[in-house]
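A.B. asks: Numbering of the sequence shown is given in my numbering, commencing with residue 410 and proceeding in unit increments. Beta carbons: idealized from backbone N, C-alpha and C, even for Gly.
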Amino acid sequence: MVLGHKTCYSHFGEDQIVSFLFGEQKTAGLYFDVGCYHPSLFSNTYLFYERGWRGILVDANPFMINLCHEERPEDVALNRAIGGENGMATLYKFNDWGSSNTIDANFRDNIVQSQKVEVTETVDVEMITLKSLFETHSEGREIDFLNIDIENVDYDALSGNDWQIFRPKVIAIEDLGFRLNQPENSSIHMFLSARGYRMEARAVYTSIYVADEARASLNV
Numbered sequence: 410m411v412l413g414h415k416t417c418y419s420h421f422g423e424d425q426i427v428s429f430l431f432g433e434q435k436t437a438g439l440y441f442d443v444g445c446y447h448p449s450l451f452s453n454t455y456l457f458y459e460r461g462w463r464g465i466l467v468d469a470n471p472f473m474i475n476l477c478h479e480e481r482p483e484d485v486a487l488n489r490a491i492g493g494e495n496g497m498a499t500l501y502k503f504n505d506w507g508s509s510n511t512i513d514a515n516f517r518d519n520i521v522q523s524q525k526v527e528v529t530e531t532v533d534v535e536m537i538t539l540k541s542l543f544e545t546h547s548e549g550r551e552i553d554f555l556n557i558d559i560e561n562v563d564y565d566a567l568s569g570n571d572w573q574i575f576r577p578k579v580i581a582i583e584d585l586g587f588r589l590n591q592p593e594n595s596s597i598h599m600f601l602s603a604r605g606y607r608m609e610a611r612a613v614y615t616s617i618y619v620a621d622e623a624r625a626s627l628n629v
């Protein structure tokens with residue numbers, strides 16, 4: 410969609426917020442898109458791909474990763490789940506295009522009950538931590554932007570990083586439990602706040618944080 414003559418691919422305008430933080434003139438950068446879903450539909454990173462940024466797309470759904478290989482050939486696309494430890498996980502699929510496909514059994518049950526749908530397929534998928542992902546694919550470069558949207562496993566993903574070594578400048582993360590009047594009730598918010606990140610924006614279900622040490626170089 411177009412917001413005031415500006416292209417937006419995100420569901421709730423997250424990419425325009427992140428674009429403001431970095432400045433539209435930034436034409437090169439490194440992103441990690443965890444739970445990327447589709448290469449462009451509802452994507453928080455496709456706008457930056459168009460501008461010349463490159464990065465790593467990660468999704469547990471092999472169908473979507475195949476689309477990413479086709480439509481974003483200059484990115485690295487990985488069929489992986491991200492969690493608190495390395496191992497294996499089961500992806501519960503409602504359909505190939507399901508945005509609520511998840512590796513979390515409780516979230517699966519909530520979707521089945523609330524949306525009156527059924528799991529149509531289960532897929533075994535390798536699960537790795539953010540630390541493992543960054544160690545393999547950051548190649549010593551600064552991480553500009555980390556996007557996380559993995560259907561109720563977002564906190565687990567955060568717990569699997571070494572935050573003293575790998576510190577993305579900007580993080581956008583789905584946080585369904587966050588409330589502006591009670592931020593202390595969000596485990597995600599408290600986790601990131603304790604590790605030197607400050608919340609800069611909220612886009613419906615997505616919280617956007619900036620690392621303390623990156624603030625001087627960004628529009629905050």
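For Arg481, does the three-state DSSP call read helix, strand or coil?
C.D. replies: Residue state, collapsed to three classes: coil.
A.B. asks: Please state whether the Cβ-Cβ distance between Ala625 and Val427 is less than 8 Å.
C.D. replies: Contact: no.
A.B. asks: Whose CA, out of Cys417, Gly496, Trp506, Asp505, lies closest to the CA of Leu456?
C.D. replies: Checking every option, the nearest Cα to that of Leu456 belongs to Cys417.
A.B. asks: Who pairs with Val562 in a beta bridge, going by DSSP?
C.D. replies: Per DSSP, none; premise fails for Val562.
A.B. asks: Assuming Arg481 contacts Tyr458 (C-beta within less than 8 Å), just tell me the rounded distance between them.
C.D. replies: Rounded, the Cβ-Cβ distance is 6 Å, consistent with contact.
A.B. asks: If you check the beta carbons only, do Ser596 and Tyr564 fall under 8 Å apart?
C.D. replies: In contact: Ser596 and Tyr564 (Cβ atoms closer than 8 Å).
A.B. asks: Where does Asn515 land, buried or exposed, given buried means 16+ other C-beta within 10 angstroms?
C.D. replies: Answer is exposed; the Cβ neighbour count stays below 16.
A.B. asks: Who are the Cβ neighbours of Pro592 in its own chain at under 6 Å, not counting the five residues just before and after it?
C.D. replies: Counting only Cβ-Cβ distances below 6 Å, and skipping sequence neighbours, we find His598.
A.B. asks: Name the two residues that bound the continuous alpha helix (DSSP H) containing Phe543.
C.D. replies: 539 to 546 is the extent of the alpha helix (DSSP H) around Phe543.
A.B. asks: Short check: CB of Thr454 to CB of Tyr501, under 8 Å?
C.D. replies: Cβ distance not < 8 Å, so Thr454 and Tyr501 don't count as in contact.
A.B. asks: In terms of alpha-carbon separation, which member of Gly422, Gly438, Glu423 lies closest to Glu551?
C.D. replies: Of the candidates Gly422, Gly438, Glu423, the one whose C-alpha sits nearest the C-alpha of Glu551 is Gly438.
A.B. asks: Can you check whether the C-beta of Asp571 is within less than 8 Å of a C-beta belonging to chain D?
C.D. replies: Protein chains in the displayed structure number just one, and chain D is not present.
A.B. asks: Alpha carbon to alpha carbon, how far is Ser523 from Gly507? Give it in angstroms, no decimals.
C.D. replies: Between Gly507 and Ser523, the C-alpha separation is close to 15 Å.
A.B. asks: Hey, Val443 and Asn556: beta-carbon distance below 8 Å or not?
C.D. replies: In this structure, Asn556 lies closer than 8 Å to Val443 by Cβ.
A.B. asks: Taking the alpha carbon of His447 as the point to measure from, which residue in Lys435, Gln434, His478 has its own alpha carbon closest?
C.D. replies: The residue with the shortest Cα to Cα distance from His447 is His478.
A.B. asks: Excluding sequence positions up to five away, which residues of its chain have a Cβ less than 6 Å from the Cβ of Tyr618?
C.D. replies: Closer than 6 Å at the Cβ level, and outside the excluded window around Tyr618, lie Ile580, Leu601, Tyr606, Met608.
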